[in-house]
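Peer 1:
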Amino acid sequence: MNDFFSSRNLKKIDITLFEPILLFSVFFLPGYISQGIQEAAPDMFESAYFNVFYLVSIVPQILLTLYIIVLKPGRSLADFDIGPIKKFDIPKSLLVFAGIYGCVIPIGLIASLIEPELTNQIVYGAGWQFTNRRIIPLVLLTCLTTGYAEEIFFRAYLFKLLSRAGAGLLPAVLITNLLFGSGHLYEGYYAFAATAAIGLFLSFIFIKTKSIHIISIAHGLYNFSVLMIAMTGDL
Numbered sequence: 012m013n014d015f016f017s018s019r020n021l022k023k024i025d026i027t028l029f030e031p032i033l034l035f036s037v038f039f040l041p042g043y044i045s046q047g048i049q050e051a052a053p054d055m056f057e058s059a060y061f062n063v064f065y066l067v068s069i070v071p072q073i074l075l076t077l078y079i080i081v082l083k084p085g086r087s088l089a090d091f092d093i094g095p096i097k098k099f100d101i102p103k104s105l106l107v108f109a110g111i112y113g114c115v116i117p118i119g120l121i122a123s124l125i126e127p128e129l130t131n132q133i134v135y136g137a138g139w140q141f142t143n144r145r146i147i148p149l150v151l152l153t154c155l156t157t158g159y160a161e162e163i164f165f166r167a168y169l170f171k172l173l174s175r176a177g178a179g180l181l182p183a184v185l186i187t188n189l190l191f192g193s194g195h196l197y198e199g200y201y202a203f204a205a206t207a208a209i210g211l212f213l214s215f216i217f218i219k220t221k222s223i224h225i226i227s228i229a230h231g232l233y234n235f236s237v238l239m240i241a242m243t244g245d246l
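Read left to right, the sequence shown gives residues 12 to 246 (my numbering).
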C-alpha cells in the first residue's frame, strides 16, 4: 500500500482529477447509488434528530473540502472564490433565489403539458412533507448548510479543478451540473432537468460574481422554500 502512494507512483497519477473523484465518491456517490434501492423518506425533515444528525455529518464534509483545498501548496481558498461574506452578498442572494424559480417554473409548466396527469410539477421537490413548525429555524440551518456543502464542492471546488485541468469552461460547467442534477434522479426526470437548470444558473452567477456566499445562500433558501410550500399542503 505504501508503495502505491510512493512519490514515484504518484507522479504517474493525475492528482488534480484523482482528488475530486475520491471526494465525490466519499461524499455523494453512496447516495447516488442508493437512489434506486432506497427512497428518501418524504417526512424526514420533520424530525429534529434527523436535522441534527445531518448537520453533524455534513459540516465535517464542508471543513474537509476546505482543508483539502488549502492542503496543497500554492492553493488558497481565494483561488476557488471562497472568502469572507461581503456587505451585499445577502441582498444579491435573494435576487438569485428568485432567479432559481425563474429556472424551475418553466420546466414545471412544460412537464405539466407533456404529462397532464402529473401534479405539482411547478416546483421540483413535490412529495416532501413538513408540518413541524417548532423546528423551522433548525430546518433553515439544515437547508443553508446543504446549500454551502453542495456549492462549495460542485461550483467552487470541482468546477475550478476541472477548468484548471484543461477541461475548458463550458465542459467543466456541463460535467459539474450533470453530476449535480443526477443527485435528484430519484425525484424523477423533471427534477433532474430542474436541478441541472438550477446548477447552470448558479454556475453562471458564480462565474460572474466570484462569490460562494451568494449562490450558497440562494440555494439554501430555495430548499427551505420548498419545505415551507410543503407545509401549506401545496406540494
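Note that the Cβ used here is the ideal one computed from N, Cα and C, for glycine as well.
The structure presented is a predicted model; accordingly, all values stated were derived computationally and were not measured.
I need the boundaries of the alpha helix (DSSP H) containing residue 54, first residue and last residue.
Peer 2: For this step, residue 54 is matched to residue 43 along the sequence shown. That residue, residue 54, is in no alpha helix (DSSP H); it is neither H nor E in DSSP.
Peer 1: How is residue 161 classed by DSSP in three states: helix, strand or coil?
Peer 2: In the sequence shown, residue 161 corresponds to position 150, counting from 1. In this structure, residue 161 counts as helix in the three-state DSSP scheme.
Peer 1: On the premise that residue 201 lies in contact with residue 111, defined as a C-beta separation below 8 angstroms, what is that separation, rounded to the nearest angstrom?
Peer 2: Indexing the sequence shown from 1 puts residue 111 at position 100. Indexing the sequence shown from 1 puts residue 201 at position 190. With 8 angstroms as the limit, residue 111 and residue 201 do not qualify as a contact, their Cβ atoms being about 15 angstroms apart.
Peer 1: Look at residue 208 and residue 69 and say whether their C-beta atoms are less than 8 angstroms apart.
Peer 2: Working through the sequence shown from its first residue, we reach residue 208 at position 197. Working through the sequence shown from its first residue, we reach residue 69 at position 58. Going by C-beta atoms, residue 208 is not nearer than 8 angstroms to residue 69.
Peer 1: Buried or exposed for residue 235, please, with buried defined as at least 16 other CB atoms from any protein chain shown within 10 angstroms of its CB.
Peer 2: Position 224 of the sequence shown, counted from the first residue, corresponds to residue 235. Residue 235 comes out buried.
Peer 1: Kindly indicate which residue of 164, 139, 227, 196 has the alpha-carbon position closest to the one of residue 33.
Peer 2: Position 22 of the sequence shown, counted from the first residue, corresponds to residue 33. Nearest of 164, 139, 227, 196 to residue 33, Cα basis: 164.
Peer 1: How many Å lie between residue 229 and residue 205 at the Cα?
Peer 2: Counting from 1 along the sequence shown, the entry for residue 229 is found at position 218. Counting from 1 along the sequence shown, the entry for residue 205 is found at position 194. Roughly 15 angstroms between the two C-alpha positions.
Peer 1: For residue 100, which of helix, strand or coil comes out of DSSP?
Peer 2: As a working mapping, residue 100 is identified with position 89 in the sequence shown. Of the three classes helix, strand and coil, the one that applies to residue 100 here is helix, per DSSP.
Peer 1: Using only the alpha-carbon positions, how far apart do residue 93 and residue 223 sit?
Peer 2: As a first step, residue 93 must be located in the sequence shown, where it is residue number 82. As a first step, residue 223 must be located in the sequence shown, where it is residue number 212. Residue 93 and residue 223: Cα-Cα distance of roughly 6 angstroms.
Peer 1: Among 40, 152, 84, 78, whose alpha-carbon lies nearest the alpha-carbon of residue 67?
Peer 2: Looking up residue 67 in the sequence shown gives position 56. Considering only alpha carbons, the answer is 152.
Peer 1: Could you give the distance in angstroms between the alpha-carbon of residue 53 and the alpha-carbon of residue 59?
Peer 2: Your numbering for residue 53 matches position 42 in the sequence shown. Your numbering for residue 59 matches position 48 in the sequence shown. If I take the Cα positions, the gap works out to 15 angstroms.
Peer 1: I need the straight-line Cα distance from residue 176 to residue 159, nearest angstrom please.
Peer 2: Along the sequence shown, read from residue 1 onward, the residue named residue 176 stands at position 165. Along the sequence shown, read from residue 1 onward, the residue named residue 159 stands at position 148. Roughly 24 angstroms separates the two Cα atoms.
Peer 1: Can you tell which of 45, 85, 150, 226 has the C-alpha that lies nearest to the C-alpha of residue 102?
Peer 2: By 1-based counting over the sequence shown, the position of residue 102 is 91. That would be 226, whose Cα lies nearest to the Cα of residue 102.
Peer 1: Got a sec? Which residues, its chain only, sit under 8 angstroms from residue 242 by beta carbon, not counting five neighbours each side?
Peer 2: One-based indexing of the sequence shown puts residue 242 at position 231. Answer for residue 242: 141, 142, 144, listed in chain order.
Peer 1: By the DSSP assignment, the alpha helix (DSSP H) with residue 241 in it spans what residues?
Peer 2: On the sequence shown, residue 241 is found 230 positions in, with the first residue counted as 1. Looking at the DSSP string, the run of the alpha helix (DSSP H) that includes residue 241 is 223–243.
Peer 1: What would DSSP say about residue 68, mapped onto helix, strand or coil?
Peer 2: Here residue 68 refers to the residue found at position 57 of the sequence shown. Three-state result, residue 68: helix.
Peer 1: Three-state secondary structure (DSSP) at residue 166?
Peer 2: Taking the first residue of the sequence shown as 1, we reach residue 166 at position 155. Reduced to three states, the DSSP call for residue 166 is helix.
Peer 1: Between the C-alpha atoms of residue 126 and residue 237, what's the straight-line distance to the nearest angstrom?
Peer 2: By 1-based counting over the sequence shown, the position of residue 126 is 115. By 1-based counting over the sequence shown, the position of residue 237 is 226. Roughly 22 angstroms between the two C-alpha positions.
Peer 1: For residue 22, collect the residues of the same chain with a Cβ closer than 6 angstroms to its Cβ; drop the 5 residues on either side in sequence, then sort them by chain order.
Peer 2: Within the sequence shown, the letter at position 11 stands for residue 22. Legend: pLDDT at residue 22 = 48, less than 50; position of this residue unreliable, no value from coordinates given.
Peer 1: Taking 8 angstroms as the threshold (C-beta atoms), are residue 91 and residue 168 in contact?
Peer 2: In the sequence shown, the residue the question calls residue 168 occupies position 157. In the sequence shown, the residue the question calls residue 91 occupies position 80. Closer than 8 angstroms, so yes.
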